[in-house]
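Just below is one structure, and these are the notes that go with it.
Here's what the structure looks like:
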């Protein structure tokens, strides 16, 4: 019985760490997806702005 309790505590800690890591990975994945979308939008905005500037200098 004296050995079972520490093993149960250790197993609980390992399980909690696994859940934390899984949730953290999901948060990182969502953040990376949001950054990808943001960079695409920024790229489109820069292209539109550069076209507007170039069109303005040609006139």
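In my numbering, the protein residues as written are 1396 to 1454.
A virtual CB, placed ideally from N, CA and C, is assigned to each residue, including glycine.
query	result
Residue 1405 at chain D interface by Cβ criterion, 8 Å	Absent from the structure: chain D. Only one protein chain is present.
Inter-residue spacing [alpha-carbon to alpha-carbon] between residue 1418 and residue 1424	10 Å
Neighbourhood of residue 1399 by C-beta, 6 Å cutoff - its chain only, sequence neighbours within 5 removed	none
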